[in-house]
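Step one of this worksheet: look at the structure below.
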């Protein structure tokens with residue numbers, strides 16, 4: 078039975094890459110201008126011969142959604158995009174939204190734009206995002222100041238650029254890092270992602286060397302994909318990578334938090350803004366893509382145009398351009414990342430249910446998560462998420478688990494990585510046989526926010542157009558383990574769930590971070606290593622697995638930290 082409700086479709090996509098590191102105004106292009114270029118490309122992509130229909134499309138733009146960037150704070154970036162396009166000239170109300178920080182937001186914005194179109198609340202929606210971290214770092218390094226030819230900033234750009242700054246606009250300030258984490262000096266993603274990775278490694282009975290080689294092989298496969306992608310920032314370098322090169326540790330590749338490595342170099346005077354390497358892989362400040370880095374110093378933008386099938390027909394947009402969003406879902410984890418639960422699996426399960434028996438026949442381009450091969454462990458019961466939830470083998474999958482090539486070789490475009498996954502998935506589906514489907518999963522925070530979206534070259538077969546609302550609650554409602562901030566007086570028997578060790582710049586073990594459970598109550602705690610014996614035992618865990626081992630936890634004498642030791646008390 079035919080539906081009379083609007084059917085949302087993606088009709089145009091566009092990507093822009095500016096490889097120039099020149100400080101000349103014509104080369105040092107701000108994020109807004111990159112976004113405008115990407116939107117213009119997306120509009121051109123809608124038509125074989127745009128002509129007057131391009132202007133008609135612009136006049137009917139009544140929804141503008143922008144992914145918040147890491148590079149430059151804008152006063153009203155949605156309004157800037159609208160004015161820059163000369164769009165929305167019909168004079169009606171325009172929905173405008175700039176997202177918060179988080180890699181889940183590009184897919185969320187696309188999903189919500191589809192809902193507005195499906196409910197008849199808007200006619201043409203624009204979703205865009207962009208970064209110019211390479212340009213601004215080159216400019217600051219050479220000129221000693223921020224670009225004066227860019228738009229007037231809404232606030233001090235340094236508040237975005239500094240990992241140590243505390244600001245609502247700073248992408249490094251993760252709300253999912255609790256006060257408990259801060260007390261124990263766990264405050265940045267590089268100290269959190271190793272906890273997932275080590276837990277997952279132990280769950281599969283892997284040695285550290287096996288885990289490292291698995292990562293190298295995974296990234297080598299990603300590099301092959303990026304080497305064929307014209308929009309990949311490190312396309313040429315990706316052509317030279319193999320597993321052996323990626324796995325090799327040297328002077329430029331020291332340990333920062335076990336099992337991850339760290340490198341910092343100079344590239345034509347540019348400094349690099351650190352960013353977490355998702356998939357439990359790596360947060361680094363680096364320019365060397367051999368080291369499995371999230372390479373964030375890029376100049377990239379992406380955009381997609383969404384409208385209804387009815388208006389697309391009025392505009393004369395060829396049906397071979399149409400890609401149908403079938404459904405989306407997303408939710409957030411417990412605000413305290415130390416109490417992680419199952420929101421990733423719930424989001425993917427909802428996608429499964431919304432599609433009924435439909436198979437995901439096409440490649441997966443899973444934004445920041447699959448795009449970097451995330452392997453997550455749910456610490457409370459040992460189940461593993463993302464790839465395992467979809468029953469996809471990590472190595473040698475039947476279909477590629479990324480269309481982009483991951484944050485290393487494609488480039489970690491700030492919060493906007495998964496919008497590039499949407500644009501590439503759209504292009505790929507257009508070229509494939511009818512009925513193919515693609516799944517995009519976008520991850521934000523420290524695996525604390527997820528949003529999934531399914532696209533297809535054909536509409537839904539159940540007579541429905543699109544979901545009117547997110548089928549999931551905003552926050553995961555599955556009970557999480559109780560987190561004890563302080564274990565109080567006494568010595569308490571405990572067991573290690575997962576851990577990591579932070580190293581100094583001299584590559585010496587500096588501090589251990591432990592997530593564990595109290596034996597008597599089953600409550601979870603966060604602790605630092607309480608003595609050298611315990612720290613050395615964690616470092617030597619390549620030969621002797623410590624996850625699952627018992628020890629003791631106590632509160633430090635003159636402080637607020639919990640301390641853990643295999644021996645009772647702070648013995649040396």
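Numbering (my numbering), first residue to last: 78 to 649. Glycine is no exception: its CB is placed at the ideal position from the N, C-alpha and C atoms. Treat the numbers as computed from the prediction; the structure is a model and nothing was measured.
- prompt: Count the other CB atoms within 10 Å of the CB of residue 645; is the residue buried (16 or more) or exposed (fewer)?
  reply: Taking the first residue of the chain shown as 1, we reach residue 645 at position 568. Looking at its Cβ environment, which holds fewer than 16 other Cβ atoms inside 10 Å, residue 645 is exposed.
message: Any heavy atom of the ligand NAD closer than 8 Å to the beta-carbon of residue 550?
response: Here there are no bound small molecules, and the ligand NAD is not part of this structure.
field: residue 170 versus residue 200 - alpha carbon distance
entry: For the purposes of this step, residue 170 is taken as residue 93 along the chain shown, with counting starting at 1. For the purposes of this step, residue 200 is taken as residue 123 along the chain shown, with counting starting at 1. Spanning the two alpha carbons is a distance of roughly 11 Å.
- prompt: For residue 116, which residues does DSSP report across the bridge?
  reply: Within the chain shown, numbered from 1, the residue matching residue 116 stands at position 39. None, per the DSSP bridge assignment.
field: residue 231 (DSSP reduced to helix, strand or coil)
entry: As a working note, residue 231 is residue 154 in the chain shown. DSSP places residue 231 in coil when its eight states are reduced to three.
Coarse secondary structure for residue 473, derived from DSSP in three states: The residue labelled residue 473 in the question sits at position 396 within the chain shown. Coil.
field: Residue nearest to residue 622 in terms of C-alpha spacing, selected from 217, 283, 136 and 190
entry: Taking the chain shown and counting its residues from 1, one reaches residue 622 at position 545. Nearest C-alpha to residue 622: 283.
message: Assuming residue 181 and residue 527 are in contact, meaning their beta carbons sit under 8 Å apart, how far apart are those beta carbons, in whole angstroms?
response: Stepping through the chain shown from its first residue, residue 181 is reached at position 104. Stepping through the chain shown from its first residue, residue 527 is reached at position 450. About 6 Å separates the two Cβ atoms, so the contact holds.
query: Can you list the beta strand (DSSP E) stretches of 3 or more residues lying completely in the segment 591-620, in chain order?
result: 601-606, all fully within the segment 591-620.
message: On the DSSP letters alone, give me the boundaries of the alpha helix (DSSP H) that residue 156 sits inside.
response: Counting from 1 along the chain shown, the entry for residue 156 is found at position 79. Where residue 156 is concerned, the enclosing alpha helix (DSSP H) stretches over 154-162.
- prompt: Roughly how many angstroms separate the alpha carbons of residue 156 and residue 473, rounded to a whole number?
  reply: In the chain shown, counting from the first residue as 1, residue 156 sits at position 79. In the chain shown, counting from the first residue as 1, residue 473 sits at position 396. Answer to the nearest angstrom: the Cα atoms are 45 Å apart.
- prompt: What residue from 296, 281, 271 and 590 has the CA that sits closest to residue 260's CA?
  reply: Here residue 260 corresponds to residue number 183 of the chain shown, with the count starting at 1. Comparing alpha carbon positions, the residue from 296, 281, 271 and 590 closest to residue 260 is 590.
query: Start and end of the beta strand (DSSP E) containing residue 377?
result: Residue 377 sits at position 300 when you count from the first residue of the chain shown. Run containing residue 377: 376-385, per the beta strand (DSSP E) assignment.
- prompt: Which partner residues of residue 149 appear in the DSSP bridge assignment?
  reply: On the chain shown, position 72 is the one that residue 149 refers to. Partner(s): none; residue 149 has no beta bridge.
- prompt: Is the Cβ-Cβ distance between residue 202 and residue 152 less than 9 Å?
  reply: Here residue 202 refers to the residue found at position 125 when the chain shown is read from its first residue. Here residue 152 refers to the residue found at position 75 when the chain shown is read from its first residue. No. Outside cutoff.
query: Who pairs with residue 639 in a beta bridge, going by DSSP?
result: Along the chain shown, read from residue 1 onward, the residue named residue 639 stands at position 562. For residue 639, the beta-bridge partners assigned by DSSP are 632.
query: Are the beta-carbon atoms belonging to residue 564 and residue 639 less than 9 Å from one another?
result: The residue given as residue 564 occupies position 487 in the chain shown. The residue given as residue 639 occupies position 562 in the chain shown. Contact flag set, yes.
- request: Tell me residue 532's beta-bridge partners as DSSP assigns them.
  value: Mapped onto the chain shown, residue 532 falls at position 455. For residue 532, which the question treats as bridged, DSSP gives the partners 402 and 515.
task: Specify the secondary structure class of residue 543 as computed by DSSP and reduced to three states.
output: Here residue 543 refers to the residue found at position 466 when the chain shown is read from its first residue. Residue 543 falls in the coil class under three-state DSSP.
task: Drop a sphere of 10 angstroms on the beta-carbon of residue 456, count the other beta-carbons inside from all chains shown, and report buried for 16 or more, exposed for fewer.
output: Position 379 of the chain shown, counted from the first residue, corresponds to residue 456. At residue 456, the pLDDT of 32 sits below 50, so the modelled position is not reliable; the number obtained from the coordinates is stated separately. Residue 456 should be labelled buried.
query: Secondary structure at residue 208, three-state DSSP: helix, strand or coil?
result: Position 131 of the chain shown holds residue 208. Three-state result, residue 208: strand.
query: Could you give the residue range of the alpha helix (DSSP H) that holds residue 258?
result: Taking the first residue of the chain shown as 1, we reach residue 258 at position 181. Its alpha helix (DSSP H) spans residues 256-260.
Cβ-based neighbour list, residue 632, same chain, cut-off 8 Å, excluding 5 preceding and 5 following: Mapped onto the chain shown, residue 632 falls at position 555. Correct list, in chain order: 563, 564, 565, 566, 638, 639 and 640.
- request: Report yes if the C-beta distance between residue 111 and residue 376 is below 9 Å; otherwise report no.
  value: Residue numbering aside, residue 111 sits at position 34 when the chain shown is read from its first letter. Residue numbering aside, residue 376 sits at position 299 when the chain shown is read from its first letter. Less than 9 Å divides the Cβ of residue 111 from the Cβ of residue 376.
query: How would you write the range of the beta strand (DSSP E) that residue 90 sits in, first residue to last?
result: For the purposes of this step, residue 90 is identified with residue 13 of the chain shown, where counting begins at 1. Where residue 90 is concerned, the enclosing beta strand (DSSP E) stretches over 85-94.
task: Would you kindly work out how many angstroms separate the C-alpha atoms of residue 173 and residue 384, rounded to a whole number?
output: Position 96 of the chain shown, counted from the start, is the residue given in the question as residue 173. Position 307 of the chain shown, counted from the start, is the residue given in the question as residue 384. Near 16 Å, if we compare the C-alpha coordinates of residue 384 and residue 173.
query: Does any CB atom of chain B fall closer than 9 Å to the CB of residue 311?
result: Absent here is chain B; the protein component of the structure consists of one chain.
- request: In angstroms with no decimal places, state the Cα-to-Cα distance between residue 585 and residue 627.
  value: Position 508 of the chain shown, counting from 1, holds the residue named residue 585. Position 550 of the chain shown, counting from 1, holds the residue named residue 627. In a straight line, the C-alpha of residue 585 is about 25 Å away from that of residue 627.
- request: Using 10 angstroms around the beta-carbon of residue 582, count the other beta-carbons present and answer buried if the total reaches 16, otherwise exposed.
  value: In the chain shown, the residue the question calls residue 582 occupies position 505. It counts as exposed.
- prompt: Residues in its own chain within less than 8 Å of residue 309 by CB, not counting five upstream and five downstream?
  reply: If you number the chain shown from 1, residue 309 lands on position 232. These residues qualify, in order along the chain: 303, 315, 481, 482, 486, 487 and 488.
query: Relative to the alpha-carbon of residue 492, which residue among 119, 149, 125 and 336 has its alpha-carbon at the smallest distance?
result: The sequence position of residue 492 within the chain shown is 415, counting from 1. When only C-alpha atoms are compared, the closest one is 149.
field: Beta-carbon gap between residue 534 and residue 394 smaller than 9 Å
entry: As a working mapping, residue 534 is identified with position 457 in the chain shown. As a working mapping, residue 394 is identified with position 317 in the chain shown. Against a cut-off of 9 Å, the Cβ pair of residue 394 and residue 534 comes out as no contact.
query: Which whole-angstrom value describes the C-beta separation of residue 108 and residue 226, a residue pair presumed to lie in contact below a C-beta threshold of 8 Å?
result: Position 31 of the chain shown, counted from the first residue, corresponds to residue 108. Position 149 of the chain shown, counted from the first residue, corresponds to residue 226. The pair is not a contact, with the Cβ atoms about 13 Å apart (cut-off 8 Å).
- request: Quick one: give me the first and last residue of the alpha helix (DSSP H) that residue 505 is part of.
  value: Here residue 505 corresponds to residue number 428 of the chain shown, with the count starting at 1. Counting along the chain, the alpha helix (DSSP H) containing residue 505 begins and ends at 494-508.
query: Any chance the segment 176-195 sits against the segment 510-524, with 3 or more Cβ pairs inside 8 Å?
result: yes
message: For a test of the three-state rule: what should DSSP assign to residue 354, helix, strand or coil?
response: Taking the first residue of the chain shown as position 1, residue 354 is located at position 277. Residue placement at residue 354 is poorly supported in this model, since its pLDDT is 29, which falls under 50; the coordinates are not used for a value here.
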